[in-house]
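The opening residue of the sequence shown carries number 1 in the UniProt record's numbering; numbering runs sequentially from there. Using N, Cα and C, we set each Cβ at its ideal position, and we do this for glycine too. Read through the structure below, which is laid out as structure tokens, and then see the notes.
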Amino acid sequence: MSAVVAYLDVAATTRVDPRVAEVVLHWMTEDFGNAGSRTHEYGARAKKAVQQARSYLADTVGAKTEEVIFTSGATESNNIALLGLAPHGERTGKKHIITSAIEHKAVLEPLLHLAETRGFTVDVLEPGASGRITVEQVMEHVRPDTLAVSLMHVNNETGVIQPVAELAERLRSTPTYLHVDAAQGYGKIAGDLTAPIDLISISGHKIGAPKGSERSSHDVAAGIRLHWSRSCSAVARRGSCVPELCRSR
Numbered sequence: 001m002s003a004v005v006a007y008l009d010v011a012a013t014t015r016v017d018p019r020v021a022e023v024v025l026h027w028m029t030e031d032f033g034n035a036g037s038r039t040h041e042y043g044a045r046a047k048k049a050v051q052q053a054r055s056y057l058a059d060t061v062g063a064k065t066e067e068v069i070f071t072s073g074a075t076e077s078n079n080i081a082l083l084g085l086a087p088h089g090e091r092t093g094k095k096h097i098i099t100s101a102i103e104h105k106a107v108l109e110p111l112l113h114l115a116e117t118r119g120f121t122v123d124v125l126e127p128g129a130s131g132r133i134t135v136e137q138v139m140e141h142v143r144p145d146t147l148a149v150s151l152m153h154v155n156n157e158t159g160v161i162q163p164v165a166e167l168a169e170r171l172r173s174t175p176t177y178l179h180v181d182a183a184q185g186y187g188k189i190a191g192d193l194t195a196p197i198d199l200i201s202i203s204g205h206k207i208g209a210p211k212g213s214e215r216s217s218h219d220v221a222a223g224i225r226l227h228w229s230r231s232c233s234a235v236a237r238r239g240s241c242v243p244e245l246c247r248s249r
């Protein structure tokens, strides 16, 4: 008699929701137009669907539609957010970043890259016995040259929820940007991500969407424009492509 295997690794990925699969199948087999080719009805319908999805996602985190970037995965979203901020930090002399020791490697490795190759200083905070990073702990490390704080919403191994909404409110009075890796919290915990967070990385396949349906939201209204490239692709638009940082997540 074969053993029954129960899948419990939902922090890594989830089964595609049947309702989502039905919609995706429709756009792959019937309305299969290229959203970038709008000289015919197929492309126009695809473009409209993409914009509707972008608008819906923006509403869920209090962002503007044009602030949503679709990416290949949470790793790329985190790379875009952190490496994309770097030129702004270099221009303004703000080359200090705060993060925590319990971040996913998709955050820690881009920050290590900035420290090793571009002269950034990264403070890595240790959590307390509860697994939490406190707001006061972060604020004690904020200084005049702090470019950004990068803190995850929910830890992918312990499930500990970090106080990102409270931190966002505290950082509003400073020029420091807040990046939140929300891969594990989006779609599961209501409210926190509508706080004034500057950059949010989200993973669709953690909540029943197909792999590759990720997004990053950034706040262009804050007076910056992210400089970024399509990591691991043949075309680098702006900034530095760091292919060694692109690992499946």
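Original post:
In angstroms, rounded to a whole number, what distance separates the CA positions of Q184 and H153?
Top reply: 7 Å
Original post:
In the DSSP assignment, what are the bridge partners of V180?
Top reply: L151 and I200
Original post:
Is the beta carbon of A81 less than 7 Å from the beta carbon of S201?
Top reply: yes
Subject >> Identity of the residue in N34, I98 and K188 nearest E136 by Cα >> reply: I98
Subject >> Identity of the residue in H113, I69 and V160 nearest A129 by Cα >> reply: V160
**OP:** Report the option in N156, L171 and S173 whose CA atom is closest to the CA atom of K188.
**Re:** N156
**OP:** Take every Cβ of the stretch 33 to 48, pair it with every Cβ of the stretch 58 to 66, and state whether three or more of those distances are shorter than 8 Å.
**Re:** no
Original post:
For the beta strand (DSSP E) that contains T121, what are its first and last residues?
Top reply: T121 to L125
Subject >> A209 vs V20 beta-carbon contact at 7 Å >> reply: yes
Subject >> Under the three-state DSSP convention, the category I189 falls into >> reply: coil
Subject >> From P127, V24, E22 and T121, residue whose alpha carbon lies closest to that of T146 >> reply: T121
Original post:
Can you tell which of T71, T117, V164 and E30 has the C-alpha that lies nearest to the C-alpha of P196?
Top reply: V164
Original post:
Exposed or buried, what is V10 when buried is set at 16 or more other beta-carbons lying within 10 Å of its beta-carbon?
Top reply: exposed
Original post:
When the Cα atoms are used, what is the spatial distance from A44 to S37?
Top reply: 7 Å
Original post:
When the Cα atoms are used, what is the spatial distance from G131 to T158?
Top reply: 8 Å
**OP:** Name the two residues that bound the continuous beta strand (DSSP E) containing S173.
**Re:** Premise fails: S173 is in no beta strand (DSSP E) and is neither H nor E.
**OP:** Count the other CB atoms, across all protein chains shown, that sit within 10 Å of the CB of residue 253; report buried if there are 16 or more and exposed otherwise.
**Re:** No information on residue 253 is available, as it lies outside the stretch 1 to 249 that the chain covers here.
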